[in-house]
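Presented below is the structure to which this report refers.
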Ligand code: FO1
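In the numbering used here, the protein residues as written are 885 to 1195.
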């Protein structure tokens, strides 16, 4: 069974840990957000791609959910000496990934090719595709002005009120090789429990992706990242509310209703099932909080089973 997953950062990586425990990596294609990519010290950083790779390779700092475990920050400390702003925590080992990525890109490789090389180097066998090899950047208009995603998320700690979100470059970006095909040929399409606005939004903004999802023969199954009106981590609930999207599983269903077949919602939101279904999306109620490996695995199984039942 070929599984294609749409993924943002930390929540997605945890969901994918469950997926690789129940399906062979060779059968999995992950389409990653690139809207929160950023350049620091001339190096191209792709946080969502790296979070997925490090997590699935067992190399992630599990406490933080990003960066490498056992990481040191000596290079970043040394950069302070030259007056650099060092609010973004790039560890020494992590910097090697970004140096490698930047070197390959400067030598003419595409982001897809670079990503494949990092996936291989970390011993993974799944296919991980940036949604595009073209530049797409998330910019948030906030009460503190226009902020690039990492400025909003890390430098300002998601404090500013978000008024509007745009994905610069998305209108002219082309899906990376294999992206539309992975959607077209999948048996199951899973949408990870990521922020619908800033993690999945940039993927859906690349022309052709949303249309391919609507036309896909495979059932599209999402897991709601909102439980009881709140996110486990991150600003999705506040951001949805300030953008006029209901910050509940119902708002998630409505955001994806043009292509979504099934939404897995948490037990806590059982009462929302009829409203989710009123948005034209079948609701499956399950335990969606992933504390340990068993829960990650169980959630992946629920998503696959929901897709099979929907075919
Ligand atoms: N998140 C933080 O909250 N603080 C950081 O200093 C930070 C550094 C960082 C370095 C590399 C990387 O791949 C991710 C990093 N993240 C950091 C996470 C990142 O900002 C977000 O989790 C994603 O962009 C959202 O999916």
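For glycine and all other residues, C-beta sits at the position ideal for the given N, C-alpha and C.
Given residue i as reference, the closest of the options once Cα atoms are compared
{"i": "residue 1023", "options": "1032, 1150, 1010", "result": "1032"}
{"i": "residue 1003", "options": "1147, 1085, 937", "result": "937"}
{"i": "residue 1068", "options": "1167, 1104, 1030, 894", "result": "1104"}
{"i": "residue 1000", "options": "1140, 967, 916, 1132", "result": "916"}
{"i": "residue 1011", "options": "1160, 894, 914", "result": "914"}
{"i": "residue 1052", "options": "1116, 1183, 1085, 985", "result": "1085"}
{"i": "residue 942", "options": "993, 924, 898, 982", "result": "898"}
{"i": "residue 1078", "options": "1064, 1114, 1100", "result": "1114"}
{"i": "residue 1140", "options": "1158, 1119, 1166, 1155", "result": "1166"}
{"i": "residue 1030", "options": "963, 1049, 968, 1017", "result": "1049"}
{"i": "residue 980", "options": "993, 969, 1005", "result": "1005"}
{"i": "residue 1101", "options": "1162, 909, 965, 1195", "result": "1195"}
{"i": "residue 1112", "options": "1157, 1055, 1036", "result": "1157"}
{"i": "residue 1009", "options": "1189, 940, 1028", "result": "940"}
{"i": "residue 1054", "options": "1016, 1038, 970", "result": "1016"}
Beta-bridge pairing of residue i - partner residues as DSSP gives them
{"i": "residue 1106", "result": "1075, 1147"}
{"i": "residue 1064", "result": "DSSP lists no partner for residue 1064."}
{"i": "residue 992", "result": "Its beta-bridge partners do not exist; DSSP assigns none."}
{"i": "residue 924", "result": "927"}
{"i": "residue 1050", "result": "1023"}
{"i": "residue 891", "result": "916"}
{"i": "residue 1114", "result": "1111"}
{"i": "residue 1059", "result": "1016"}
{"i": "residue 903", "result": "None, per the DSSP bridge assignment."}
{"i": "residue 1129", "result": "The partner list for residue 1129 (beta bridge, DSSP) is empty, contrary to what the question assumes."}
{"i": "residue 963", "result": "None; residue 963 has no bridge partner."}
{"i": "residue 944", "result": "952"}
Short Cβ contact (7 Å threshold) for residue i with residue j
{"i": "residue 1072", "j": "residue 959", "result": "no"}
{"i": "residue 1014", "j": "residue 989", "result": "no"}
{"i": "residue 1070", "j": "residue 956", "result": "no"}
{"i": "residue 1136", "j": "residue 1177", "result": "no"}
{"i": "residue 919", "j": "residue 998", "result": "no"}
{"i": "residue 1168", "j": "residue 1133", "result": "no"}
{"i": "residue 977", "j": "residue 952", "result": "yes"}
{"i": "residue 906", "j": "residue 935", "result": "no"}
{"i": "residue 1087", "j": "residue 890", "result": "yes"}
{"i": "residue 1143", "j": "residue 1083", "result": "no"}
{"i": "residue 892", "j": "residue 932", "result": "yes"}
{"i": "residue 927", "j": "residue 982", "result": "yes"}
{"i": "residue 929", "j": "residue 1074", "result": "no"}
{"i": "residue 1201", "j": "residue 896", "result": "Nothing in the structure corresponds to residue 1201, since the chain is present only between 885 and 1195."}
* Which ranges would you report for the alpha helix (DSSP H) in the region 1137–1193 if only whole runs of at least 4 residues count? -> 1157–1162
* Is it true that the region 1090–1099 meets the region 1049–1059, where meeting means three or more beta-carbon pairs spaced less than 8 Å apart? -> yes
* Asked: Looking at C-beta atoms only, is the number of pairs between the region 1044–1051 and the region 933–953 that lie closer than 8 Å three or more?
  -> Result no; under three Cβ-Cβ pairs closer than 8 Å.
* Asked: So does the region 1095–1114 actually touch the region 1142–1149, counting three or more Cβ pairs closer than 8 Å?
  -> Yes: the two stretches touch, three or more of their Cβ pairs being nearer than 8 Å.
* Identify every run of the beta strand (DSSP E) within the region 969–1040, keeping only runs that are complete inside it and at least 3 residues long; order them along the chain. => 1011–1014, 1021–1026, 1029–1032
* Please confirm if the region 1173–1189 is in contact with the region 1122–1136, defined as three or more CB-CB distances below 8 Å between the two stretches. => Three or more Cβ pairs closer than 8 Å define a contact, and the region 1173–1189 falls short of that threshold against the region 1122–1136.
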